[in-house]
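Single-structure report; data block below.
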Amino acid sequence: MRNVTLIPGDGTGPELTAAMRRVVEASGAKVQWEVVDAGEGVMAKHGTPLPKYVLDSVQKTRVAVKGPITTPIGSGFRSVNVALRKEFDLYANIRPCSYMEGVKTPIKNVNLVIVRENTEDLYAGIEHMIGKDAAESIKIITRAGTERIARSAFEYAVKYGRKKVTIVHKANIMKCTDGLFLETSREIAKAYPQIQCEDRIVDNMAMQLVQKPELYDILLCPNLYGDILSDLCAGLIGGLGVAPGANLGKDCAIFEAIHGSAPKYKGMNKVNPTAVILSAALMLEYIGEQDAYERISKAVRQVIAEGKKVTYDLGGTAGTSDMADEMIRVMTKR
Ligand code: NAD
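Next comes the structure, spelled out in structure tokens:
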């Protein structure tokens with residue numbers, strides 16, 4: 004049995020992760036969950052949304068699946084999600100986005116992976132007020148930070164037989180920061196002559212992704228552009244309900260959906276569990292449970308293709324738990 008930390012999160016997180024647990028169990032994966040709560044719900048008791056026992060658990064297991072966690076807008080506590088990525092130096096955010104048969108989308112030729120730098124850029128959280136009427140945020144891009152994320156993108160391409168990496172930037176305007184990201188990524192690309200390398204300015208990239216997504220393979224992005232383009236790409240493949248993700252560091256990883264806590268649907272057994280379940284499948288692949296990974300991925304695709312027991316966002320009326328039940332039925336039927 005492999006110990007894996009499970010952070011259920013808040014909002015719709017607990018119901019989504021409960022569905023995910025049942026699917027992982029049915030896959031036959033040898034996983035022992037260590038469940039630790041974080042987020043809004045633990046603030047009152049622990050005075051922080053990220054208590055030490057959460058960090059201790061991830062420190063020990065080195066691998067976690069996380070439900071979404073709410074971050075107050077404007078004021079209030081800082082993002083638990085960003086804090087976890089920083090604490091464990093999970094610098095590579097890998098977000099695969101590919102079309103699945105049965106999803107209601109006019110665009111079918113999407114098979115992309117976003118490789119997003121996860122620790123620098125405007126997300127370093129260095130910002131302050133200048134008097135009452137101005138605010139300043141500092142954008143950090145380093146050569147070392149860019150080298151390691153660029154290497155992750157090219158290594159991913161090699162491992163999964165992908166052909167092309169597109170570097171996304173705004174170096175025409177941010178000549179220092181995005182200029183450094185572009186220059187450093189191009190340097191790293193030289194070590195991978197078998198992988199095609201090109202670049203796009205981020206605004207043009209957004210338009211191209213909507214009009215010609217089939218031209219793109221791996222998108223190598225600094226933090227902010229990667230975050231925004233991930234939601235755009237999720238929209239191309241049927242919405243946030245089906246888009247998984249992984250946060251990878253040197254010897255630690257946290258797997259979570261791209262989407263947030265969708266608080267307006269909390270407790271309604273309504274939202275799509277696919278993104279969280281596919282994130283857990285990526286975790287299983289990471290820990291070497293290849294069979295379980297494949298069984299879950301196949302069951303998810305089958306249930307969506309059949310379209311009988313899918314949630315509202317995929318045009319169905321099934322609840323979160325019904326859709327998970329259907330995946331389990333497909334996986335366990337003889
Ligand atoms: P959100 O992703 O929670 O939801 C936006 C909309 O997307 C929802 O209203 C819903 O229509 C749809 N959606 C999201 N998940 C879905 C699912 N599983 N199935 C079907 N539809 C789904 O984004 P938001 O409303 O901007 O953010 C809510 C909170 O989540 C905020 O506090 C934000 O900071 C936080 N957040 C957390 C994470 C994370 O935990 N990693 C990521 C993004 C946002």
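Numbering-wise, my numbering comes out as the position in the sequence shown, counting from 1, plus 3.
Here a beta-carbon is modelled for each residue, glycine too, at the ideal position from N, C-alpha and C.
Buried or exposed: where does residue i fall if 16 or more other Cβ atoms within 10 Å of its Cβ makes it buried?
| i | result |
| --- | --- |
| Pro-196 | exposed |
| Asp-206 | exposed |
| Glu-28 | exposed |
| Glu-43 | buried |
| Tyr-228 | buried |
| Ser-2 | Only positions 4 to 337 of the chain appear in this structure, which leaves residue 2 out of reach. |
| Met-210 | exposed |
| Lys-173 | buried |
| Gly-77 | exposed |
| Val-106 | buried |
| Tyr-163 | exposed |
| Lys-55 | exposed |
| Arg-88 | buried |
| Met-23 | buried |
| Met-132 | exposed |
| Asn-250 | buried |
| Asn-226 | buried |
| Arg-332 | exposed |
| Thr-320 | exposed |
| Pro-75 | exposed |
| Glu-201 | exposed |
| Lys-135 | exposed |
| Lys-312 | buried |
Could you tell me how far apart the beta carbons of residue i and residue j are, in whole angstroms, since I believe they sit closer than 8 Å?
| i | j | result |
| --- | --- | --- |
| Ile-299 | Ser-82 | With a Cβ gap of about 28 Å, Ile-299 and Ser-82 do not count as contacting. |
| Glu-120 | Ile-170 | Wrong, their Cβ atoms sit about 11 Å apart, outside the cutoff. |
| Phe-91 | Val-61 | 6 Å |
| Asp-316 | Gly-270 | Contact flag wrong, Cβ pair sits at about 17 Å. |
Would the C-beta of residue i count as close to ligand 3, meaning under 7 Å from any of its heavy atoms?
| i | result |
| --- | --- |
| Tyr-159 | Absent from the structure shown: ligand 3. Ligands present: ligand 1. |
Can you list the residues near ligand 1, meaning Cβ strictly closer than 5 Å to any non-hydrogen atom, in the order they appear in the chain?
Pro-71, Ile-72, Thr-73, Thr-74, Asn-84, Leu-243, Gly-244, His-262, Gly-263, Ser-264, Ala-265, Val-274, Asn-275, Asp-316
With a floor of 3 residues, list each beta strand (DSSP E) that falls wholly inside the region 193-249, ordered by position along the chain.
Qualifying beta strand (DSSP E) stretches, in chain order: 199-204, 221-224.
At least three beta-carbon pairs within less than 8 Å, the region 231-245 to the region 114-122
yes
Can you list the beta strand (DSSP E) stretches of 3 or more residues lying completely in the region 38-109, in chain order?
66-69, 95-101
Between the region 4-12 and the region 63-76, are three or more C-beta pairs nearer than 8 Å?
In short, these stretches touch, since the Cβ pair count reaches three.
Should the region 126-144 be regarded as contacting the region 95-107, the criterion being three or more beta carbon pairs within less than 8 Å?
no
Can at least three beta-carbon pairs, one atom from the region 273-290 and one from the region 300-307, be found at a separation below 8 Å?
yes
Is there contact between the region 253-270 and the region 280-297, where contact requires at least three CB pairs shorter than 8 Å?
yes
Where are the alpha helix (DSSP H) runs, 4 residues long or more, that stay fully inside the region 9-42, in chain order?
16-29
Restricting to runs no shorter than 4 residues, where is the alpha helix (DSSP H) found entirely within the region 96-170?
146-162
Touch test, the region 211-221 against the region 179-195, Cβ-Cβ under 8 Å, three pairs minimum
no
Identify every run of the alpha helix (DSSP H) within the region 293-326, keeping only runs that are complete inside it and at least 4 residues long; order them along the chain.
Within the region 293-326, the complete alpha helix (DSSP H) segments at least 4 residues long are 293-309, listed from N- to C-terminus.
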